[in-house]
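Numbering (our numbering), first residue to last: 19 to 118. Every residue, glycine too, gets a C-beta built ideally from N, C-alpha and C. What you are looking at is a predicted structure, and each value in this text was computed from that prediction instead of being measured.
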Amino acid sequence: MSMDKNRTGAIRWMLLLALNRARPYGAGELLLLTTVQGEFPDASALEVRRELEYLAMRRLVEIRKDPSGPWHMDLTRYGVDIAEYTIDCEPGIARPAKYW
C-alpha cells in the first residue's frame, strides 16, 4: 500500500513539474505519459489520466478533453504556485522539501 501511495504522489509531482516546464503552451497526454514512463516504465495512460483528474479536482490543472480522445493540460495559477514552492503543498503530492 505504501509503495502505491509513494508512486501516486511521485507521479502527481512529475506531472506538475512537466506542465510547469511546458508553460505557457501546456502539454498533451502523450508527452506527460512519456515523462512519467521515464521514471516508472510500467505506467499506463489510464494511470496518468487518473492522476491528472485528481490534480484537476484540486484545481491545479485544467484539462481540455478532445472528443476524438486526446487530452491537453495546462497548469492553473495554483498549480504554478505549487510547482514553484510559493504556497504550501497539502498531502497527496510528493513534493520534495525545499532545500534552498
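- Between the C-alpha atoms of proline 88 and isoleucine 105 there is a straight-line separation of about 31 Å.
- If you check the CB distance, arginine 82 and tryptophan 31 do not come in under 8 Å.
- If you check the CB distance, arginine 77 and threonine 94 come in under 8 Å.
- In this model, lysine 116 and tyrosine 96 are separated by some 17 Å (Cα to Cα).
- In the structure shown, tryptophan 31 adopts helical secondary structure according to DSSP, grouped into three states.
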